[in-house]
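In this text, residue positions in the sequence shown follow the working numbering: the first is -15, and each later residue adds one.
A virtual CB, placed ideally from N, CA and C, is assigned to each residue, including glycine.
Only a predicted model underlies this, so the values are computations on that prediction, with no experimental measurement involved.
I have placed the structure first, in the form of structure tokens, so that the comments after it can refer back to it.
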Amino acid sequence: MEQINRLPKEIARTLISDPAFNTCLQRSLEEPELIAQFSRLYGVELPRNPRSGLEMMVDEATGYRKETFDKFFTAFIPFVYRVVYLPLKSQFEAGQVKGEF
């Protein structure tokens, strides 16, 4: 819930109420090239996967994972909203996209 509070109100409301936005967000996270280019442009990264249990514990103890996830998603969610969700929603409403949204 803390993450949602840092998002613009319209985006937070859509994230909570529209399953289509959640689907767009999930599918966007499954696209490594989109994430790589987003990270390059915005200068934020997803946390690295720990190579060992010790590294995982250190990352958790220092707050690295939480801080990195927070930075990434605070930028990534609005990006997906503007660049993926809104254009798709507009096309769907105009009848240019077939199927369920």
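Cα-Cα separation between Asn136 and Lys(-7), rounded to whole angstroms: For the chain, the structure presents residues -15 to 85; residue 136 sits outside this window and is missing.
Local conformation of Gly79 per DSSP, three classes: When DSSP states are grouped into helix, strand and coil, Gly79 belongs to the coil group.
Own chain, CB closer than 8 angstroms to Pro31, minus 5 neighbours either side, in chain order: Only Asp43, Tyr48, Arg49, Thr52, Phe53, Phe56 meet the Cβ criterion.
Own chain partners of Tyr69 with C-beta closer than 6 angstroms, once the 5 adjacent residues on each side are dropped: These residues qualify, in order along the chain: Phe5, Cys8.
Start and end residues, alpha helix (DSSP H) containing Asp2: Following the DSSP letters along the chain, one finds Asp2 in no alpha helix (DSSP H), marked with neither H nor E.
Exposed unless 16 or more other CB atoms sit within 10 angstroms - verdict on Tyr65: That one is buried.
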